[in-house]
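These notes are about the structure you will find just below.
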Amino acid sequence: MFKKKGILLLCLCASMCMLVGCMGGKSLTEEEQDMIAEYSAGVLLRNYDKYNQRLVKTEPIAPAVTEQPETEPPTPTPDSGASQSGAEAQEQEQLNEVSLDDLYHVSGMKVSYDSYVACNEYPKDGPMQLTAKKGQFLLVARFVVKNKSSKPLAVNLMKRNIDYSLDMDGKVYQPVIVMQENGGMNYLKTNLKAGASEKAILVYEIPDESKDPDSMVLTVKDGGNASTIRLK
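In the numbering used here, the protein residues as written are 7 to 238.
As structure tokens, this is what we get:
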């Protein structure tokens, strides 16, 4: 084994001599001499078994991967909010403000708002008296329905699905179903003689804490038509 190492050393020396010869007699710089000496020492150490600290061939180091910063989700542009507001405004603009007669559109029938009353019982007496639940009161909006024609008039609004939204200081309420001879204004079904009239009501159940509102607005809506009434 030692002979092989000796032969290797001789070959190395010969290679160095050949390298110097190939330089065409040109003298080597100090830096070039150091590089040749370092390379020669490394070859000897890698192949010499008795050297207890043999050089180990190192694996190439993979280039470090730079983590890309997480991208934040795109911020909504002001245009999206403006579009939504525009859509809501457009929906409101599509509602046509009309009179009650034009909204119901029943030939020969005239409807007018009369008054309202806030109470715990309505009417004061009678077989169809309504009573408020505990912690609530009744707000009753009264209308007058009249047959202005010269012949009997049959009225049936039960399948019209007319909306009666009551806005009280920003809180919206819907009327309850009540037992009335004509069904109440929200389910009106009646027969009127020529020139005759009768009352029809809407009943809302309101919490006691909302008994003295600053504003009450009733909106009657049918499809794209609406009629607004301020209760007073």
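We treat Cβ as the ideally placed atom computed from N, Cα and C, and that holds for glycine.
Asked: D220 - DSSP class collapsed to helix/strand/coil; Found: coil
Asked: L106, DSSP secondary structure in three states; Found: helix
Asked: Bridge partners - N162, DSSP secondary structure assignment; Found: K195
Asked: Burial state of S91 (16 or more Cβ within 10 Å); Found: Here S91 scores only 45 on pLDDT, less than 50, and its place in the model should not be relied on; the value that follows carries that caveat. It is exposed - the Cβ of S91 has fewer than 16 other Cβ atoms within 10 Å.
Asked: Close Cβ partners of S156 (< 6 Å) along its chain, the five nearest in sequence each way excluded; Found: A200
Asked: Member of D107, Y128, Q142 whose CA lies at the smallest distance from the CA of E215; Found: Q142
Asked: Own chain partners of D2 with C-beta closer than 7 Å, once the 5 adjacent residues on each side are dropped; Found: Because the chain here runs from 7 to 238, residue 2 falls outside it and cannot be looked at.
Asked: Simplified DSSP assignment, three categories, for L172; Found: strand
Asked: Bridge partners - D228, DSSP secondary structure assignment; Found: N231
Asked: Three-way DSSP call (helix, strand, coil) for D131 in this model; Found: coil
Asked: Residue range of the beta strand (DSSP E) that includes D153; Found: The displayed chain sequence assigns Asn, not Asp, to residue 153. Unbroken beta strand (DSSP E) run through N153: 142-153.
Asked: Secondary structure of E187, DSSP reduced to three states; Found: coil
Asked: The stretch 204-212 touching the stretch 180-192, judged by at least three CB pairs closer than 8 Å; Found: yes
Asked: Neighbour-count burial assignment, M191, 16 or more Cβ in a 10 Å radius; Found: buried
Asked: Sequence-distant residues of the same chain with beta carbon closer than 7 Å to L109, five excluded per side; Found: V226, D228, N231, S233
Asked: Closest by C-alpha distance to C125, when choosing among A138, V117, G132; Found: A138
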